[in-house]
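Remember, the numbering used here sits 150 above the position in the sequence shown when you count from 1. Cβ coordinates follow ideal geometry from the N, Cα and C atoms, glycine included.
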Amino acid sequence: MSNYKKHESRRITPWTDINQKTPLQEFLDNRNTLEYETRHKKLLLSRSDEAKLLNSFEPEACRYCKSVSFIRYGKLKNGENRFFCKDCGKYFSVVTNTIFDNHKIPISEWMEFMLGVFRYQSFSSISKTLRIADTTTKYWMNKLFLLLKDYQDDIVLSGVVQLDETFYKVIRSDIQTKESGLQYRGLSRNQICIGIACDATKTFCKVAGFGKPSQKSIFETFSNHIAEGSMVIHDEEKAHAKLIVDLKLSETTFNSRLLKGLSDKDNPLDPINKRCGLLKKFLGAHSGFDRDDLDGYLNLFAFICNPPSNHFMKVEYLLSVALKTPNLLKYRDYYSN
């Protein structure tokens with residue numbers, strides 16, 4: 151049997167062969183083509199392309215006072231449109247008070263950054279690829295968290311839903327020990343419990359406390375994210391009981407110990423097991439991360455797992471949100487906290 155596996159060309163985006171592209175799609179497609187050619191000793195994308203992209207976005211309101219009484223007022227040195235607010239008297243551009251405010255590195259580099267994150271690259275690997283400092287990569291990651299902070303709020307799984315928990319250890323400095331100095335064993339307070347669930351198309355994950363989950367913690371984690379009357383497939387975890395009863399869920403249970411050794415295709419819990427494995431792999435790529443940022447990592451992981459599956463379309467979505475949504479995070483402010 152052939153071991154050949156077909157791979158999509160990195161030179162191609164979903165919009166390469168489309169004549170009618172949006173300005174953002176054209177920007178991403180051109181950037182990808184030129185990035186490919188650059189790595190083969192050809193030309194870099196110029197700043198004028200960035201200005202063309204930014205000028206395709208029109209602010210809906212003043213980026214300072216949110217007034218809609220503003221006018222276009224010339225251009226900045228880089229060719230970007232400038233606006234003047236008649237109410238607050240301030241000048242602004244489409245990037246003012248967004249994650250790109252006062253950016254020094256071209257926005258085009260964000261495409262490669264995001265693609266690296268989606269591929270589970272480590273901070274170190276991304277930094278080396280883009281030739282930027284690790285501190286910049288970490289700063290950019292937290293800008294991604296800002297864009298996705300509400301991403302999972304409206305996710306509701308339905309139909310056949312698989313449900314499980316996975317655990318991730320607290321950072322070394324936060325490990326609690328017994329009076330003897332020994333660490334607690336098993337599912338202790340040193341293990342962060344992460345609830346994770348999926349249906350046919352979507353994945354949802356959220357911190358559900360520390361150590362072994364309770365019926366209360368599982369209910370609070372999933373009650374707003376699983377449709378009433380759905381079918382839940384799970385591993386006989388007793389902490390799921392309240393959720394199942396209160397949401398009037400039907401259930402199919404399996405003893406996870408009896409499933410060990412089965413091939414993936416024969417394991418009925420394989421879909422949720424794979425999600426847990428991918429989450430561990432994703433977090434493992436950033437193993438020294440601040441656990442206070444775990445919610446951000448979980449939102450990002452869900453975004454990576456969920457449609458659209460094409461990474462360039464994910465980049466398109468995030469850049470569009472970034473340029474339309476005021477979300478300012480200054481480098482100095484981030485590292486002073």
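Through-space distance from residue j to residue i, alpha-carbon basis
i, j, result
"residue 276", "residue 267", "8 Å"
"residue 224", "residue 209", "15 Å"
"residue 213", "residue 370", "36 Å"
"residue 201", "residue 474", "15 Å"
"residue 482", "residue 308", "43 Å"
"residue 218", "residue 365", "48 Å"
"residue 363", "residue 390", "9 Å"
"residue 281", "residue 374", "42 Å"
"residue 422", "residue 416", "14 Å"
"residue 358", "residue 444", "12 Å"
"residue 221", "residue 441", "44 Å"
"residue 258", "residue 324", "38 Å"
"residue 285", "residue 253", "15 Å"
"residue 332", "residue 250", "47 Å"
"residue 476", "residue 241", "15 Å"
"residue 300", "residue 468", "13 Å"
"residue 140", "residue 272", "This structure cannot settle anything about residue 140, because the visible part of the chain is limited to 151 through 487."
"residue 460", "residue 175", "13 Å"
"residue 172", "residue 215", "29 Å"
"residue 248", "residue 306", "29 Å"
"residue 199", "residue 244", "15 Å"
"residue 480", "residue 180", "29 Å"
"residue 304", "residue 270", "25 Å"
"residue 256", "residue 327", "47 Å"
"residue 353", "residue 455", "7 Å"
"residue 392", "residue 290", "40 Å"
"residue 274", "residue 170", "38 Å"
"residue 338", "residue 265", "36 Å"
"residue 246", "residue 234", "12 Å"
"residue 182", "residue 279", "15 Å"
"residue 151", "residue 167", "Model confidence at residue 151 stands at a pLDDT of 40, short of 50, so the residue's coordinates are unreliable; what they give is reported in the following sentence. When rounded, the distance between both Cα atoms is 33 Å."
Of the listed residues the options, nearest to residue i (C-alpha basis)
i, options, result
"residue 464", "263, 279 and 431", "263"
"residue 302", "461, 475 and 446", "446"
"residue 437", "387, 480, 352 and 288", "288"
"residue 211", "205, 237 and 183", "237"
"residue 457", "487, 351, 413 and 424", "351"
"residue 313", "177, 413, 425 and 207", "425"
"residue 383", "401, 392 and 394", "401"
"residue 203", "472, 392 and 411", "472"
"residue 396", "466, 418 and 377", "377"
"residue 315", "478, 372, 168 and 484", "372"
8 Å contact criterion, which residue i and residue j should meet: CB distance rounded
i, j, result
"residue 346", "residue 355", "4 Å"
"residue 163", "residue 462", "5 Å"
"residue 311", "residue 381", "7 Å"
"residue 406", "residue 385", "4 Å"
"residue 427", "residue 398", "31 Å between Cβ atoms; not a contact."
"residue 466", "residue 178", "6 Å"
"residue 418", "residue 404", "6 Å"
Proximity test, residue i beta-carbon vs the ligand ADP heavy atom, cut-off 7 Å
i, result
"residue 453", "Ligands are entirely absent from the displayed structure, and the ligand ADP is therefore not among its contents."
Bridge partner(s) assigned by DSSP for residue i
i, result
"residue 488", "Residue 488 is absent from the model: the chain starts at 151 and stops at 487."
"residue 318", "342"
"residue 225", "231"
"residue 307", "376"
"residue 382", "311 and 401"
"residue 278", "None; residue 278 has no bridge partner."
"residue 172", "Answer by DSSP bridge pairing: none, since residue 172 is not bridged."
"residue 212", "Per DSSP, none; premise fails for residue 212."
Residue i at chain C interface by Cβ criterion, 8 Å
i, result
"residue 440", "Among the chains of the structure shown, chain C does not appear; only one protein chain is present."
Checklist entry - Taking three-plus beta-carbon pairs below 8 Å as touching, is the stretch 319 to 326 in contact with the stretch 336 to 351? => result The stretch 319 to 326 is in contact with the stretch 336 to 351.
Checklist entry - Are the stretch 289 to 299 and the stretch 438 to 452 touching, with three or more C-beta to C-beta distances below 8 Å? => result A contact is defined here as three or more CB-CB pairs under 8 Å, and the stretch 289 to 299 meets this definition with respect to the stretch 438 to 452.
Item to check | the stretch 211 to 231 contacting the stretch 423 to 431, beta-carbon criterion three pairs below 8 Å | outcome: No, the stretch 211 to 231 is not in contact with the stretch 423 to 431.
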